[in-house]
Amino acid sequence: MAPQRAIVVKDAKYRGNHFDGVFVLAENEEAKLPASGWHKVQVYFYWFENRLKARCNIVVDMASTHVIDVPNTH
């Protein structure tokens, strides 16, 4: 099984709020990530190690964002 991918963001935006953090990318989202500029990225939110069912779009500056592998824990 391929590892999940996550995005590390600084000063991202969601519903008018600014934040830093690490978010699991929705399936196939990494293939759509551009090299620069501000873009919407579809991610999953986790709460106390449980993934919320809905996917959310956060707005990120690709200049301060990078993608990482997340080890499978199951």
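Letter 11 of the sequence shown, counting from 1, is numbered 5 in this note's numbering, and no numbers are missing. Yeah, the Cβ is synthetic: ideal placement off N, Cα and C, and Gly gets one too.
So the beta strand (DSSP E) residue 51 belongs to, where does it begin and stop?
Unbroken beta strand (DSSP E) run through residue 51: 44 to 55.
Alpha carbons only, please: which of 26, 27, 28, 20 is nearest the one belonging to residue 36?
Cα-wise, what sits closest to residue 36 is 20.
I need the DSSP call for residue 6, collapsed to helix, strand or coil.
Three-state DSSP puts residue 6 in a strand.
To the nearest angstrom, how far is the alpha carbon of residue 2 from that of residue 34?
Their Cα atoms are separated by approximately 14 Å.
Who pairs with residue 15 in a beta bridge, going by DSSP?
In DSSP, residue 15 forms a bridge with 3.
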